[in-house]
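Letter by letter, the sequence shown follows residues 88 to 318 in this note's numbering.
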Amino acid sequence: MNRETEDLVISIGGSILLPEDEDIERLSSLAKILEKNRGKRNIYLVVGGGRIAREYINWGRELGADEATLDELGIETSRLNARLLILALEGDVYPVPAKNFNEAISAGNNHSIVTMGGTHPGHTTDAVAAMLAEKLGADRLINATSVDGVYTADPKKDGEAERLKQLTYEELIEIVSEGESGAGPNVVFDPLAARIIKRANIMTYIVDGRDLSTLKSAIQDEEFDGSKITR
């Protein structure tokens, strides 16, 4: 890692880029935050497929597609979302979504913002973001998702679920390992990604990316509303 500039990896859920109830102006606002926070840091954005990918995966499953093919549908959709984000960004951004880690790392040598979608069937965008952070030697990973942190249980199902402001890698692994597997799962953080950040000792923030002020604070490494995962 270049200590003069931080390498920051952000996993952005597709529902954060393209929420159902808001227009494209929200994407433009997100792009402005990213643009203002480069310079002291190189920002690597791994973009998810979100609602659109889940719809394609469900349709593909109804048509009898196998899990590998469903994963490929999700990957292609995530790359389309990354292209849309590139259109919203201005200035020193790599002009296409990187298709693999080597391309992303190479692009970061000449561009302050690099985007990716998915890479391989079976790997969620959270896992891709964690792998990229490990390969970069990044100190921080931000997961900008549609929930405001890690809870002791699913808050939609358990009224006594509590949000954890700070937890260890082991505690995160225990919580997320109870999630659903298969293409298109909608859990707070992928279990494989949780194991990767543990072995690489990557400090990870989980925030509600729909709250742009919270996301901005997390990017700037200020006090933020969400969960922090450390050793």
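For every residue, glycine included, the Cβ atom is placed at its ideal position computed from N, Cα and C.
Neighbour-count burial assignment, residue i, 16 or more Cβ in a 10 Å radius
{"i": "G271", "result": "Confidence at G271 is low in this model, with a pLDDT of 45, below 50, so its placement is unreliable and the value that follows should be read with caution. With 16 or more Cβ atoms within 10 Å of its Cβ, G271 is classed as buried."}
{"i": "I111", "result": "exposed"}
{"i": "G246", "result": "exposed"}
{"i": "T255", "result": "exposed"}
{"i": "R318", "result": "exposed"}
{"i": "G100", "result": "buried"}
{"i": "A286", "result": "In the sequence as presented, Ala is not what sits at residue 286; that position holds Arg. Exposed: under 16 other Cβ atoms inside 10 Å."}
{"i": "D179", "result": "exposed"}
{"i": "S98", "result": "buried"}
Of the listed residues the options, nearest to residue i (C-alpha basis)
{"i": "A220", "options": "R282, L167, V263 and D110", "result": "R282"}
{"i": "V201", "options": "D308, Y181 and D298", "result": "Y181"}
{"i": "K186", "options": "A225, I162, K222 and Y143", "result": "I162"}
{"i": "R250", "options": "I316, E154 and R227", "result": "I316"}
{"i": "S193", "options": "K222, A216, I229 and E177", "result": "K222"}
{"i": "R73", "options": "L150, T206 and D312", "result": "Only positions 88 to 318 of the chain appear in the structure, and residue 73 is not among them; the question remains open."}
{"i": "T92", "options": "W146, K127, E122 and K119", "result": "K127"}
Supposed contact pair residue j and residue i - C-beta distance, whole angstroms, cut 8 Å
{"i": "V133", "j": "M203", "result": "5 Å"}
{"i": "N124", "j": "Q307", "result": "6 Å"}
{"i": "A231", "j": "Y238", "result": "At roughly 17 Å, the Cβ-Cβ gap does not stay under 8 Å, so A231 and Y238 are not in contact."}
{"i": "L157", "j": "I139", "result": "So it is not a contact: roughly 14 Å between Cβ atoms."}
{"i": "N168", "j": "G209", "result": "19 Å between Cβ atoms; not a contact."}
{"i": "D235", "j": "D312", "result": "6 Å"}
Sequence-distant residues of its chain with Cβ nearer than 6 Å to residue i (five each side left out)
{"i": "G195", "result": "N129 and V201"}
{"i": "A214", "result": "D277, L279 and A280"}
{"i": "N273", "result": "Reliability fails at N273, whose pLDDT of 49 lies under 50, so the model's placement of it is uncertain and no value is given."}
{"i": "T211", "result": "D277"}
{"i": "E142", "result": "none"}
{"i": "I289", "result": "A220 and L228"}
{"i": "P242", "result": "A248"}
Residues near residue i by beta carbon distance below 7 Å, same chain, minus five either side
{"i": "R170", "result": "P184"}
{"i": "R297", "result": "I103, P106 and S233"}
{"i": "A240", "result": "A248"}
{"i": "S115", "result": "A175"}
{"i": "M218", "result": "F188 and I283"}
{"i": "A191", "result": "Y131, A185, V201, M203 and L219"}
Beta-ladder partner(s) of residue i, from DSSP
{"i": "M290", "result": "R227"}
{"i": "Y256", "result": "Per DSSP, none; premise fails for Y256."}
{"i": "S314", "result": "I293"}
{"i": "M218", "result": "None, per the DSSP bridge assignment."}
{"i": "D94", "result": "N129"}
Cβ shell of residue i (< 8 Å), same chain only, five flanking positions each side left out
{"i": "E265", "result": "none"}
{"i": "A152", "result": "L160"}
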